[in-house]
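Our numbering puts the first residue of the sequence shown at 91, with every later residue one more than the last.
First the structure, in the form of structure tokens, and then the observations on it.
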Amino acid sequence: MENSKFEELERLASELHDGGLSKDQLDHLNQLLFNDDEAQDFYCDLVNTHVGLKSVVGRSFDGSNEWSLPFAIDSDAEEVASYPGASSRKASPWRWVLAASIALVACSAAWLVLDGNKAVVARGGESMVYLPTITRVSWKGPTYQTAASEHHNMVAVPPGAIKLRQTQGEDGDGYLFCLEPGYSVELVAAFDAAGENSLSIAEVFNSHAATARKFTFHNAGKGPKPLHANPAALNRRYGVLGRWSESNTTDIPRFFLLTGVHKLSMRDNEDHWRMSSLRVQLESDDVVQVGWDDSGPAPLTGTNYRPDNDFDDLSASLFFTANEKTPQPTQPKVDVIQPLHVDGFDFGDEVPEGFNVELLPGDMLLMKGLAQASDPNALMLYNVDTDKVLWSNAKVEGKSDCDLGSTCVRNTTSSPQTIRVIGFNRPTALDKSPENWHVSSRATLYEQSGFYIIGYDDLAGDRDYNDVRVSLLIMQPE
């Protein structure tokens, strides 16, 4: 291939990356690529380098403009997205067509911007990223391979729970989220575990750049213990242990990866860090709650560790906001994200006692509930001011552990609202009328500014206040 053609392809790929191509430039690109295998190979290599910043295709705020990469082609399409040298790439007639199609998509996205309809990547849309491979795990979180050839192929990954390849062992859990241009995120990290746990935040890229660790939270240290904490757990901290925030002031989406790691509760010959499993407990456009589960409490002698599936050993609460605040015409109300209701609660005219939280105008209450009892237990959020049940859920099976669910309540009114958290239980061994719900007694297990752990006790008489455990996080507007 002539040097002039080489330079012209480089120029067009660079302009495509910077601002898009006009129709005449696109026609010129097609002419350069037509019936020239060497030019097609070289241009696809350029696409791998440059289109990563433009191939993250999203949709406008109103959802009227949607774009997707044309990957509905034979399995060879994956080779186009692979790193040069990672696999043999046989030239085929469709490759330059695919490259030109990608150029069309990027160019169309640029025209949308020129027309005033800014194209952005929604947090729920698919995005092209290179998934890093984990080489080892430490208290700082996973360490990733830095060699670009060791990355996964570029693939369409929807933000959310994902699997990460490890060089040794099974795949690990991670949570991927997108921070759109002009948006900020605040993460609140909370811990409630007897063993060592860490939460790691890393930035991943839609290019072959090395994954960048941003921050790590760790629960080692001294501090107040919740009433339900294992007394044998030494040198542990509980509750909200810190906050991390990031703002995207660029014009391209940024991607971040959350991972949890832990050690066994009782150190032995297997005293090494390992990946924690995760569960997405709440997911919306502006609020996300993710919980991680470690290997469980120390087992009896001669038995193996068994996860308790509480997904409460550490958690990350994510709150997304636009950097430029624009007035939103909303109806003043108490808004509930991920609402849930179950029937069967009839307490007449008298509202049962519970734990009250005052939400000032603009405040948000993020709640997570967990049931750990053999008898049926239930949880309810009740607005005292409006006399309305906002959310409720029940565990009625004979299962000892159960996620009672998560929700977020937002006060968009102009006056404070009192939200009452009420626990119920149905003592099947004592009550011959299993449809009758009884109000559970409660205790504050842990308290710090803007964060509470409330325990509810059923009528079994053990007074452990751990039959239902509720975490409450209050977020106030800046």
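Every residue gets a Cβ at the ideal spot worked out from N, C-alpha and C, and that includes glycine.
Predicted model only: the values in this text are computed from it and were never measured.
Quick check on the DSSP output: what are the complete beta strand (DSSP E) runs of length 3 or more inside the stretch 340–377, in order along the chain?
344–352, 367–373
With Ala-461 as the anchor, note down where its beta strand (DSSP E) starts and where it stops.
Going by DSSP, Ala-461 is part of the beta strand (DSSP E) stretching over 454–461.
So, are the CB atoms of Asp-371 and Lys-458 less than 8 Å apart?
Residue identity differs from the one stated: residue 371 is Gln in this sequence, not Asp. At a Cβ-Cβ threshold of 8 Å, Gln-371 and Lys-458 count as neighbours.
Exposed or buried, what is Thr-497 when buried is set at 16 or more other beta-carbons lying within 10 Å of its beta-carbon?
It counts as buried.
Buried/exposed call for His-352, threshold 16 Cβ in 10 Å:
buried
In this structure, how does DSSP classify Lys-304 when only helix, strand and coil are distinguished?
strand
Can you list, in chain order, the stretches of the beta strand (DSSP E) that have 3 or more residues and sit fully within the stretch 510–547?
531–538, 541–547
Confirm, please, whether the CB-CB distance from Thr-502 to Pro-422 is below 8 Å.
yes
Under three-state DSSP, which class holds Ser-504?
coil
Anyone know if the C-beta pair for Ile-509 and Leu-449 falls short of 8 Å?
yes
Let me know the beta strand (DSSP E) ranges lying completely inside the stretch 246–294, each 3 residues or longer, listed in chain order.
Within the stretch 246–294, the complete beta strand (DSSP E) runs of at least 3 residues are 250–254, 262–269, 273–281, 287–294.
Assess, as a yes-or-no matter, whether the stretch 222–239 is touched by the stretch 251–269 under the definition of 3 or more beta carbon pairs within less than 8 Å.
yes
If you check the beta carbons only, do Phe-281 and Leu-368 fall under 8 Å apart?
no
Three or more C-beta pairs under 8 Å: does that hold for the stretch 374–384 against the stretch 292–312?
no
Residues that DSSP places opposite Glu-336 in a beta bridge:
Val-275.
Can you check which of these residues, Asp-114, Tyr-265, Ala-533, is closest to Pro-316 by C-alpha distance?
When each option's Cα is compared against that of Pro-316, the closest is Ala-533.
Which one of Ala-284, His-118, Arg-364, Pro-567 has the shortest CA to CA distance from Asn-325?
Ala-284
Does the Cβ of Glu-97 have 16 or more other Cβ atoms within 10 Å, making it buried, or fewer, making it exposed?
exposed
Cα-Cα separation, Gln-566 to Asp-117:
53 Å
Is the beta carbon of Ala-347 less than 8 Å from the beta carbon of Leu-266?
The question names Ala, yet the displayed sequence has Leu at residue 347. Contact: yes.
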